[in-house]
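I have placed the structure first, in the form of structure tokens, so that the comments after it can refer back to it.
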């Protein structure tokens with residue numbers, strides 16, 4: 001990943017089998033971000049946790065396929081992304097079109113509330129490490 005950040009395995013594990021309709025959008029976005037074949041569509045950039053949607057229509061199309069919603073478009077997808085603002089899972093990066101940033105500390109706390117954040121950060125911010133997973 002850009003700048004050599006490694007993300008924890010739990011961030012990439014779907015809560016259900018591939019193709020399942022149970023996956024959350026933020027989780028799906030992480031799946032796309034980890035696969036090199038989608039770098040022309042969505043990619044990490046800038047600060048830790050920041051990503052840009054390079055092809056909003058294609059991300060929406062892929063999300064629609066995953067959720068069995070053939071009429072999915074970026075308008076609907078962005079509305080779903082806004083749901084995460086209040087939960088502080090991610091937010092829109094001001095002044096940058098189609099750019100968002102994950103709040104990984106919140107994502108960790110939402111999914112693993114008893115996790116010691118200091119130890120998690122030490123264990124997972126390993127420079128030069130690249131996670132390899134096959135999803136989607």
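Numbering (UniProt numbering), first residue to last: 1 to 136.
For each residue, glycine too, the CB sits at the ideal point set by N, CA and C.
Under the DSSP definition of a beta bridge, which residues are partnered with residue 99?
-> 52
Apply the 10 Å Cβ neighbour rule to residue 29 and answer buried if 16 or more other Cβ atoms are within range, or exposed otherwise.
-> buried
At what residues does the alpha helix (DSSP H) containing residue 27 begin and finish?
-> 25-34
So, are the CB atoms of residue 138 and residue 99 less than 8 Å apart?
-> Limits of the chain in this structure are 1 at one end and 136 at the other, which puts residue 138 out of reach.
Identify the residues that DSSP records as bridge partners of residue 90: which are they?
-> 102
Anticipated Cβ contact below 8 Å, residue 72 with residue 61, distance rounded = 7 Å
Assuming residue 65 and residue 54 form a contact by the criterion Cβ under 8 Å, report the distance between their Cβ atoms to the nearest whole angstrom.
-> So it is not a contact: roughly 18 Å between Cβ atoms.
Out of curiosity, what's the CA-to-CA distance linking residue 84 and residue 39?
-> 23 Å
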